[in-house]
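K.L.:
In my numbering, the protein residues as written are 2 to 906.
1. On the DSSP letters alone, give me the boundaries of the alpha helix (DSSP H) that residue 173 sits inside.
2. Does DSSP put residue 580 in a helix, in a strand, or in coil?
3. Is residue 700 helix, strand or coil by DSSP?
4. Could you tell me the boundaries of the alpha helix (DSSP H) in which residue 900 lies?
5. Here's the rule: buried if 16 or more other CB atoms are within 10 angstroms of the residue's CB, otherwise exposed. What is residue 421?
6. For residue 244, which residues does DSSP report across the bridge?
7. Are the CB atoms of residue 115 and residue 181 within a distance shorter than 8 angstroms?
8. Would you identify the three-state DSSP class for residue 216, choosing helix, strand or coil?
9. For chain B, find out if any of its Cβ atoms is closer than 8 angstroms to the Cβ of residue 228; answer yes or no.
10. Among 820, 176, 781, which residue has its Cα nearest to the Cα of residue 809?
11. Any idea what DSSP makes of residue 750, helix, strand or coil?
12. Only counting runs of 4 or more residues, tell me where the alpha helix (DSSP H) segments fall wholly within the segment 457-530, in order along the chain.
13. List the endpoints of the continuous beta strand (DSSP E) containing residue 84.
14. Could you tell me whether the segment 822-829 touches the segment 784-794, where touching means 3 or more Cβ pairs closer than 8 angstroms?
15. Whole angstroms are fine: how far does the CA of residue 577 sit from the CA of residue 895?
16. Go through its chain and collect everything with a Cβ distance to residue 373's Cβ below 6 angstroms, but skip five positions before and after it.
17. Under the three-state reduction of DSSP, which class applies to residue 817: helix, strand or coil?
18. Quick check on residue 387: buried or exposed, where buried means 16 or more other Cβ atoms within 10 Å of its Cβ?
19. Would you please state the rounded distance, in angstroms, between the beta carbons of residue 302 and residue 239? I believe it to be under 8 angstroms.
20. Helix, strand or coil for residue 649 per DSSP?
21. From which residue to which residue does the alpha helix (DSSP H) around residue 617 run?
22. Where do the N-terminal and C-terminal ends of the beta strand (DSSP E) with residue 29 fall, by residue?
23. In the DSSP assignment, find the beta strand (DSSP E) that holds residue 159 and state where it starts and stops.
24. By a C-beta neighbour count over all protein chains shown, 10 Å radius and 16 as the cutoff for buried, is residue 435 buried or exposed?
25. Threshold first: 4 residues or longer. Then list the alpha helix (DSSP H) segments lying entirely within the segment 790-851, N to C.
26. Would you call the CB atoms of residue 702 and residue 589 closer than 8 angstroms?
27. Does DSSP put residue 682 in a helix, a strand or coil?
28. So for residue 164, helix, strand or coil by DSSP?
29. For residue 566 versus residue 620, is the C-beta spacing smaller than 8 angstroms?
30. Of all the options 684, 655, 661, 592, which has the alpha carbon lying nearest to the alpha carbon of residue 637?
31. Alpha carbon to alpha carbon, how far is residue 806 from residue 840?
32. Identify whether residue 416 lies in helix, strand or coil by the three-state DSSP scheme.
33. Should residue 899 go down as buried or exposed, given a rule of 16 or more other Cβ atoms within 10 Å for buried?
34. Tell me, please, which residues DSSP counts as bridged to residue 196.
35. Is the beta carbon of residue 73 closer than 8 angstroms to that of residue 51?
36. Is the beta carbon of residue 798 closer than 8 angstroms to that of residue 880?
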């Protein structure tokens with residue numbers, strides 16, 4: 002809205018009079034109001050200025066209190082209206098000024114009325130003798146600091162504890178605060194010769210008009226836990242204690258009581274249907290009362306913007322506390338920052354919100370009426386156009402229609418009607434409303450290979466105890482889901498297997514209505530579930546174990562986006578910090594984070610967006626990130642810690658060290674510290690155990706990682722943590738050759754970077770130590786035979802990892818080359834992976850170059866096959882011998898060339 006320009010206060014006043022007949026009437030009725038208005042026109046109101054005006058007023062009794070409060074409102078409203086209409090105030094100033102007026106007048110009124118009433122009945126106290134005061138909660142736009150100029154104020158009255166007053170005329174706390182509440186309503190809302198301050202609406206309290214006027218914290222908690230309805234959750238998003246100002250403890254206590262009711266711990270997709278129903282009720286009322294020109298409740302109105310913001314808060318606010326904020330524009334901006342609303346959507350909604358709220362205020366400036374209806378008469382429309390700084394009403398109306406169409410479109414996209422009453426073509430099939438012959442024909446036509454078996458499977462599910470015992474709402478949602486499940490499964494390469502896996506998932510989550518709501522609200526997510534279940538039993542099982550991951554399917558841009566590990570680390574750190582000292586919440590947060598990222602990588606893997614090397618890099622970087630977060634967040638809770646940051650590091654061995662992690666790989670870890678403080682060994686041993694517990698513990702969210710700590714000095718019988726010096730000494734003087742083999746793939750992963758550098762130096766020194774080649778060969782050959790004996794293969798299939806010519810042969814060959822030649826060739830010191838090390842060996846002439854490339858290709862092929870079988874749920878990767886005959890032959894040739902010995906069978 003373009004801002005008007007007026008050269009003088011007098012012209013500004015004239016414009017105000019034209020656009021606001023209410024302001025004109027006030028000035029005509031009381032000419033003394035004009036001078037202070039013109040004097041302070043360029044000065045915004047503040048809460049302190051309002052308090053000063055009341056402090057200078059006579060507040061001797063209830064009558065003078067009412068008069069002074071109403072006199073203040075006149076001054077505030079006149080200046081505010083004039084500033085707004087003349088472009089001196091923006092929307093933020095208008096709503097903040099109205100909110101401040103409500104807060105100041107309510108708080109002053111409570112203070113005075115409480116003091117006067119206390120003189121009669123004494124001070125209300127709890128059973129322990131603690132003084133009690135009335136808590137006033139502002140709801141709706143008052144709670145959100147978005148109050149209109151002619152809005153009523155939605156209030157709820159509460160007090161902390163039951164008890165009685167301590168005066169000679171003692172009454173219960175409930176009776177005392179009920180009387181005080183009635184007096185407050187009269188002081189603020191009663192229409193006197195001086196008008197009113199705010200209309201007061203108490204209908205949002207428990208049981209509405211039929212309920213008690215005030216309630217103790219205990220009664221509020223009991224009501225909302227037992228009987229609270231969805232619309233009350235929506236209302237309490239903006240609930241905020243506004244009086245007394247100093248009641249911070251009471252405000253926190255009340256917030257803690259009600260937060261679980263408003264914000265669910267899980268992602269609450271049932272909120273979409275609930276808010277859609279609420280909007281439908283409003284639409285029916287709008288239609289009944291012919292209110293389509295209502296810019297708040299009508300199509301594309303203010304309420305739709307608020308619903309868009311608040312549905313995301315209800316869904317995600319329990320998990321993401323950042324979303325537990327109140328002002329609508331701030332919520333929309335935050336949703337965009339979090340990638341939940343497109344930038345264009347945010348821009349159009351924010352612009353529409355400001356425009357509609359500005360227009361709403363100008364409607365109310367006409368006659369100080371609580372209205373959002375566009376008037377029919379030409380005079381009022383001309384005033385509105387002038388107030389909005391448009392040439393005429395048609396120009397303003399065109400802009401209004403443009404904004405409302407944007408809002409209506411975005412609202413429809415967010416609240417898409419997936420359950421619009423139309424039956425799915427397969428509805429009768431699922432519900433058993435057609436005969437068996439027709440049901441089989443339908444399934445066969447869809448492409449199911451064994452329609453009889455599939456039909457039996459569906460019937461057993463529908464007639465089973467699990468389905469019959471579902472709550473009615475969950476059963477209705479499942480009934481709505483199953484027809485598209487059957488349809489989407491039929492579109493996959495193996496419909497029968499896909500349906501079976503998807504049904505297993507649904508059976509696991511069907512008692513959790515929220516997940517059914519998610520899939521019902523987002524058909525595209527259900528279709529993607531079918532694709533993932535059809536592609537991989539491992540991934541189907543992963544989803545079944547961790548159904549919270551269904552949320553990841555809603556935005557494929559995020560699902561398939563390349564990970565930003567720095568941003569992910571910051572996100573995880575903030576999430577863990579928000580958990581405070583609650584270790585259980587931290588453990589679950591870590592697991593949810595890891596599961597979500599792993600699931601994203603797996604989804605990208607299945608559609609061919611990741612090479613195996615890139616996937617392993619991602620999974621290894623994720624593990625590093627999580628280990629670093631565990632160190633930083635497990636340390637502060639350790640008893641007897643003696644420093645803010647531990648001198649502690651985690652060294653990764655095996656697949657973590659070599660950056661070859663798979664989806665289900667465990668972590669081979671060694672813990673090092675470098676701290677000369679007294680009892681450092683005891684402290685870091687306890688810290689190492691704490692870290693291991695954080696990683697291994699089974700919580701409701703599952704396990705973070707399975708760890709193996711046996712590669713530490715002296716293995717399972719050694720100390721859990723080692724000093725850097727002790728580790729170096731052990732590697733020099735006591736370590737076996739196989740431990741130096743393991744060191745070739747070790748690297749610093751997390752913790753103190755200085756210790757990490759010290760470790761890398763130790764590793765380099767050990768790898769470059771002089772060795773007798775013949776002795777080294779014998780040690781490695783003996784260890785290879787020992788491993789072969791420990792993993793016998795009784796089948797005719799080729800075991801890709803353990804059989805001769807497989808993965809272990811490649812790894813042992815590379816480890817020998819590193820240990821035998823690193824002293825002469827620094828190129829072997831880098832932890833660059835087996836394929837790169839084979840290539841370097843060929844370039845240095847240590848092995849036939851072409852053979853090195855062939856074995857590198859074989860190693861990649863083995864790992865790719867191993868990975869593919871893992872996704873299909875196979876624990877031991879084995880295949881027909883002829884499939885990799887050429888690769889096995891190449892590996893055997895390299896083994897013979899390096900060890901001068903043909904590998905034993």
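Backbone N, C-alpha and C fix where the C-beta goes; we use that ideal spot for every residue, glycine too.
P.N.:
For this structure:
1. Taking the chain shown and counting its residues from 1, one reaches residue 173 at position 172. Annotation for residue 173: no alpha helix (DSSP H) segment contains it, and DSSP assigns it neither H nor E.
2. Here residue 580 is taken as the residue at index 579 of the chain shown, counted from 1. Collapsing the DSSP output to three states places residue 580 in coil.
3. Numbered from its first residue, the chain shown carries residue 700 at position 699. The answer is strand: DSSP assigns residue 700 an E or B state.
4. Looking up residue 900 in the chain shown gives position 899. Annotation: the continuous alpha helix (DSSP H) that includes residue 900 extends over 886-900.
5. As a working note, residue 421 is residue 420 in the chain shown. With a pLDDT of 43 at residue 421, under the threshold of 50, the modelled position of this residue cannot be trusted; read the value that follows with caution. Of the residues assessed, residue 421 falls on the exposed side of the cut-off, its CB having fewer than 16 other CB atoms within 10 angstroms.
6. Here residue 244 refers to the residue found at position 243 of the chain shown. Residue 244 pairs with 137.
7. Against the chain shown, residue 181 aligns to sequence position 180. Against the chain shown, residue 115 aligns to sequence position 114. Yes. Within cutoff.
8. One-based indexing of the chain shown puts residue 216 at position 215. In the displayed model, residue 216 falls within a strand according to three-state DSSP.
9. Annotation note: the requested chain B is absent from the structure, which comprises a single protein chain.
10. Locating residue 809 in the chain shown gives position 808, counting from the first residue. The option with the nearest alpha carbon to residue 809 is 781.
11. Stepping through the chain shown from its first residue, residue 750 is reached at position 749. Reduced to three states, the DSSP call for residue 750 is strand.
12. Here the runs fully enclosed are 466-469, 473-491, 496-510, 514-522.
13. Counted from its first residue, the chain shown places residue 84 at position 83. DSSP places residue 84 in no beta strand (DSSP E) but in the uninterrupted alpha helix (DSSP H) bounded by 63-86.
14. No, they do not touch.
15. Here residue 895 refers to the residue found at position 894 of the chain shown. Here residue 577 refers to the residue found at position 576 of the chain shown. Across the structure, residue 895 and residue 577 are spaced so that their CA atoms are roughly 49 angstroms apart.
16. Residue 373 sits at position 372 when you count from the first residue of the chain shown. Excluding positions up to five away in sequence, the list reads 295, 296, 297, 361.
17. Within the chain shown, numbered from 1, the residue matching residue 817 stands at position 816. Helix.
18. As a position in the chain shown, residue 387 is number 386, starting the count at 1. It is buried - the Cβ of residue 387 has at least 16 other Cβ atoms within 10 Å.
19. Translated into the one-based positions of the chain shown, residue 302 becomes position 301. Translated into the one-based positions of the chain shown, residue 239 becomes position 238. Actually they are not in contact, since the Cβ atoms of residue 302 and residue 239 sit about 18 angstroms apart, beyond 8 angstroms.
20. For the purposes of this step, residue 649 is taken as residue 648 along the chain shown, with counting starting at 1. Residue 649 falls in the strand class under three-state DSSP.
21. Working through the chain shown from its first residue, we reach residue 617 at position 616. Taken as a continuous stretch (DSSP letters only), the alpha helix (DSSP H) holding residue 617 covers 613-635.
22. What you label residue 29 is simply residue 28 of the chain shown in a count that begins at 1. Counted as a single uninterrupted DSSP element, the stretch harbouring residue 29 is not any beta strand (DSSP E) but the alpha helix (DSSP H) occupying residues 22-30.
23. By 1-based counting over the chain shown, the position of residue 159 is 158. Residue 159 -> beta strand (DSSP E) spans 154-160.
24. Walking along the chain shown from the start, residue 435 turns up at place 434. Residue 435 counts as exposed, since fewer than 16 other C-beta atoms from the protein chains shown sit within 10 angstroms of its C-beta.
25. Here the runs fully enclosed are 808-822, 835-844.
26. Within the chain shown, the letter at position 701 stands for residue 702. Within the chain shown, the letter at position 588 stands for residue 589. Note that the C-beta distance between residue 702 and residue 589 is below 8 angstroms.
27. Along the chain shown, read from residue 1 onward, the residue named residue 682 stands at position 681. DSSP, read as helix, strand or coil, puts residue 682 in helix.
28. Mapped onto the chain shown, residue 164 falls at position 163. Under the three-state reduction of DSSP, residue 164 is assigned to strand.
29. Position 565 of the chain shown, counted from the start, is the residue given in the question as residue 566. Position 619 of the chain shown, counted from the start, is the residue given in the question as residue 620. Cβ distance not < 8 angstroms, so residue 566 and residue 620 don't count as in contact.
30. The sequence position of residue 637 within the chain shown is 636, counting from 1. Cα-wise, what sits closest to residue 637 is 684.
31. Counting from one through the chain shown, the residue named residue 806 turns up at place 805. Counting from one through the chain shown, the residue named residue 840 turns up at place 839. Distance between the alpha carbons of residue 806 and residue 840: 18 angstroms.
32. The count along the chain shown starts at 1 and reaches residue 416 at position 415. If DSSP states are grouped into helix, strand and coil, residue 416 belongs with coil.
33. The sequence position of residue 899 within the chain shown is 898, counting from 1. It is buried - the Cβ of residue 899 has at least 16 other Cβ atoms within 10 Å.
34. As a position in the chain shown, residue 196 is number 195, starting the count at 1. Listed as beta-bridge partners of residue 196 by DSSP are 193.
35. As a working mapping, residue 51 is identified with position 50 in the chain shown. As a working mapping, residue 73 is identified with position 72 in the chain shown. A contact, by the Cβ cut-off of 8 angstroms.
36. The sequence position of residue 880 within the chain shown is 879, counting from 1. The sequence position of residue 798 within the chain shown is 797, counting from 1. In contact: residue 880 and residue 798 (Cβ atoms closer than 8 angstroms).
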